[in-house]
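Residue numbers (the UniProt record's numbering), protein chains in the order written: chain Y, 1 to 203; chain W, 1 to 257. Down below is the structure, laid out as structure tokens.
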């Protein structure tokens with residue numbers, strides 16, 4: 001099993017890598033090179049930082065073109081994590097109005113902080129969507145670690161799992177070979193380890 | 001529901017992890033001592049987060065500190081925040097590259113607000129924790145920077161408002177008076193400032209047993225309780241504390257299967 005983490009210069013790669021190696025993935029590579037991405041069994045799109053800056057980096061490395069080819073056209077499994085999940089959507093209001101990769105029908109907006117502490121930080125419980133393939137062996141309301149100020153909303157049906165913080169938002173989606181999670185499985189103890197195993201086995 | 005967090009803070013200084021008492025450090029052991037006496041991989045399963053602070057006096061060796069962080073990260077699947085002596089973007093970048101999920105800033109909040117805003121812009125607010133040390137003097141909470149050595153002019157309330165204006169992601173509020181005493185948190189101050197803080201608040205300084213942690217978790221404005229007390233929670237101390245806290249129905253995450 002070879003997993004390539006998409007490198008656009010942002011995101012905490014080390015904890016994702018160490019979790020994947022811990023569960024027995026043979027090879028974990030960080031790269032933005034088309035051939036390396038193509039050689040992966042599965043891809044992970046990580047991300048910490050701001051949406052606008054991330055999209056600019058992605059475009060400057062032509063990763064938008066590569067990912068469209070590999071993931072949308074050729075159906076290579078992809079898991080987006082945190083900002084990496086948001087980037088798969090249509091747009092975000094972070095750093096002004098920015099277009100995303102547009103693989104998923106969802107848009108990203110800021111949490112309203114008038115009655116809420118923002119960012120949303122800590123473990124929170126999901127409402128798992130059993131139509132999806134990521135949650136085998138997990139409870140219906142498992143705890144996962146979140147840290148974000150922006151959230152994804154969508155009117156489409158994208159097998160979303162939900163989470164509640166001052167109202168429901170999309171904590172994860174699964175559409176064909178494309179999955180995204182707003183939380184950090186690599187920072188979510190046993191639950192995160194199970195989720196990664198499910199991504200590897202079921203995708 | 002969003003859970004509250006239990007955080008362990010490791011105080012690092014010149015190659016050693018330390019017990020701090022009112023900001024005076026006492027060497028306890030190196031990383032392998034910690035592994036041996038805490039079975040760190042195991043104990044991390046009773047924690048929501050780890051904060052590692054470089055409290056070395058004078059010039060802090062950031063490279064050495066970063067290499068300790070990268071060793072810690074390998075088998076611990078929880079968020080790690082690291083800080084102490086961050087003065088430039090490159091310092092922060094080094095810690096992120098070494099596996100820190102967040103960085104903790106203290107003196108730079110006062111000395112270099114431009115740096116803070118650059119960091120927030122580059123890494124997002126959620127990656128930047130603002131650490132505030134304060135001490136009570138005749139009923140007034142005074143703020144200190146430079147490892148608790150330099151008093152600044154702003155009172156605690158003024159300073160919190162200023163720090164929030166920098167768009168940081170969380171506040172780590174540490175009472176120098178209570179630090180390392182094991183007498184309990186400075187609940188009076190926490191109650192008075194807690195509800196006016198608009199970002200997640202982590203309280204630190206004084207926790208000596210699980211009832212202190214529990215008492216802190218119950219406060220409305222508090223998002224997380226931290227302890228740096230290596231002695232009081234040695235061995236299974238934290239695991240037992242967490243189990244008691246969960247059994248008392250406090251709202252913390254549960255992933256023991």
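Yeah, the Cβ is synthetic: ideal placement off N, Cα and C, and Gly gets one too. None of these values were measured; they are calculated from a predicted model.
Can you tell me which of the three DSSP states residue i falls into?
i, result
"residue 172(Y)", "strand"
"residue 85(Y)", "helix"
"residue 120(Y)", "strand"
"residue 75(W)", "coil"
"residue 65(Y)", "helix"
"residue 59(Y)", "helix"
"residue 150(Y)", "strand"
"residue 249(W)", "coil"
"residue 122(W)", "helix"
"residue 26(W)", "strand"
"residue 33(Y)", "coil"
"residue 130(Y)", "coil"
"residue 164(Y)", "strand"
"residue 87(W)", "coil"
"residue 103(W)", "strand"
"residue 181(Y)", "strand"
Take residue i and list the residues in its own chain whose beta-carbon comes closer than 7 Å to its own, dropping the five residues that flank it on each side.
i, result
"residue 100(W)", "69, 80, 81, 82"
"residue 27(W)", "16, 18"
"residue 163(W)", "109, 130, 132, 171"
"residue 246(W)", "252, 254"
What does residue i reach in chain W if we use C-beta pairs closer than 7 Å?
i, result
"residue 186(Y)", "77"
"residue 189(Y)", "45, 77, 78, 255"
"residue 145(Y)", "79"
"residue 113(Y)", "198"
"residue 31(Y)", "Near residue 31(Y) there are no residues of chain W at all, since even the closest Cβ is about 16 Å away, more than 7 Å."
Please compile the residues from chain W whose C-beta is within a distance smaller than 8 Å of the C-beta of residue i.
i, result
"residue 12(Y)", "96, 99, 100, 101"
"residue 93(Y)", "Near residue 93(Y) there are no residues of chain W at all, since even the closest Cβ is about 14 Å away, more than 8 Å."
"residue 140(Y)", "Here the premise fails: no neighbours, minimum Cβ distance about 14 Å."
Check this for me: beta carbons of residue i and residue j, under 8 Å apart or not?
i, j, result
"residue 200(W)", "residue 161(W)", "no"
"residue 42(Y)", "residue 3(Y)", "yes"
"residue 86(Y)", "residue 10(Y)", "no"
"residue 116(Y)", "residue 67(Y)", "no"
"residue 3(W)", "residue 124(Y)", "yes"
"residue 104(Y)", "residue 79(Y)", "no"
"residue 203(Y)", "residue 46(Y)", "no"
"residue 113(W)", "residue 156(W)", "no"
"residue 170(W)", "residue 202(W)", "yes"
"residue 11(W)", "residue 44(W)", "no"
"residue 8(W)", "residue 19(Y)", "no"
"residue 94(Y)", "residue 50(Y)", "yes"
"residue 73(W)", "residue 103(W)", "no"
"residue 208(W)", "residue 195(W)", "no"
"residue 175(Y)", "residue 81(Y)", "no"
"residue 250(W)", "residue 214(W)", "yes"
"residue 119(Y)", "residue 125(W)", "yes"
Just checking: is the beta-carbon of residue i within a distance shorter than 8 Å of some beta-carbon in chain Y?
i, result
"residue 223(W)", "yes"
"residue 2(W)", "yes"
"residue 121(W)", "yes"
"residue 126(W)", "yes"
"residue 22(W)", "no"
"residue 74(W)", "yes"
"residue 242(W)", "no"
"residue 114(W)", "no"
"residue 48(W)", "yes"
Show which residues of chain Y have a CB atom less than 8 Å away from the CB atom of residue i.
i, result
"residue 200(W)", "117, 119, 121, 122"
"residue 170(W)", "119, 121"
Kindly indicate if chain W contains any beta-carbon less than 8 Å away from that of residue i.
i, result
"residue 15(Y)", "yes"
"residue 201(Y)", "no"
"residue 129(Y)", "no"
"residue 211(Y)", "Chain Y is shown from 1 up to 203; residue 211(Y) falls before or after that span and cannot be answered."
"residue 49(Y)", "yes"
"residue 165(Y)", "yes"
"residue 125(Y)", "yes"
"residue 107(Y)", "no"
"residue 60(Y)", "no"
"residue 161(Y)", "no"
"residue 154(Y)", "no"
Chain W partners of residue i, CB-CB under 9 Å?
i, result
"residue 193(Y)", "77"
"residue 171(Y)", "The contacting residues do not exist; residue 171(Y) stays about 12 Å from chain W at best."
"residue 149(Y)", "124, 125, 126, 169"
Once you ignore the five residues that flank residue i on each side, which residues in its own chain have a CB closer than 8 Å to its CB?
i, result
"residue 67(W)", "98"
"residue 140(W)", "155"
Go through its chain and collect everything with a Cβ distance to residue i's Cβ below 6 Å, but skip five positions before and after it.
i, result
"residue 181(W)", "206"
"residue 198(Y)", "134, 136"
"residue 12(Y)", "48"
"residue 136(W)", "177"
Just the chain Y side, please: which residues come within less than 9 Å of residue i by C-beta, in chain order?
i, result
"residue 236(W)", "By Cβ distance, chain Y contributes nothing, its closest Cβ being about 17 Å from residue 236(W), past 9 Å."
Show which residues of chain Y have a CB atom less than 7 Å away from the CB atom of residue i.
i, result
"residue 87(W)", "The contacting residues do not exist; residue 87(W) stays about 21 Å from chain Y at best."
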